[in-house]
């Protein structure tokens, strides 16, 4: 499964990418860059660059989300337009606990 498959395009030109700890941060850095440069899928299907990318991560995946956003901004492909943090409640084994969350909105330059 690739980040392109994990990402959802809810509005034309806007993609939501959810970052996890299952893959290394560099994987998400490459994926975020490819969303802003455009890429060719297997089978020759070409994906156009997006105008906005929303990168989100929970818990330990926050570091990978921040790494992907800062790498894209450092290369000049996009700029960080908004950073939201929250602490939503998560239920685990019947007990509810808070879990840190970050959402980084990036706009193409």
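In this note's numbering, the protein residues as written are 181 to 289. We treat Cβ as the ideally placed atom computed from N, Cα and C, and that holds for glycine. All values reported here derive from a predicted model rather than from experimental measurement.
query	result
C-alpha distance - residue 197 paired with residue 223, whole-angstrom precision	23 Å
Outcome for residue 237 when other beta-carbon atoms lying within 10 angstroms are tallied against a minimum of 16	buried
Close-in-space but distant-in-sequence residues of the same chain around residue 193 (CB under 8 Å, 5 per side omitted)	230, 231 and 232
Proximity of residue 258 and residue 219 at Cβ, strictly below 7 Å	no
Rounded separation between residue 285 and residue 273 - CA only	32 Å
Candidates 208, 247 and 195, of which the one nearest residue 228 by Cα	195
Nearest candidate by alpha-carbon position, reference residue 234, set 276, 226 and 249	249
Neighbour-count burial assignment, residue 211, 16 or more Cβ in a 10 Å radius	buried
Boundaries (first-last residue) of the alpha helix (DSSP H) holding residue 275	From DSSP, residue 275 is part of no alpha helix (DSSP H) but of the beta strand (DSSP E) over 275 to 278.
DSSP three-state assignment for residue 149, whether helix, strand or coil	It is not possible to answer for residue 149, since the shown part of the chain is limited to 181 through 289.
Residue span of the beta strand (DSSP E) that contains residue 209, given as start and end	Here residue 209 belongs to no beta strand (DSSP E); instead the alpha helix (DSSP H) covers 205 to 217.
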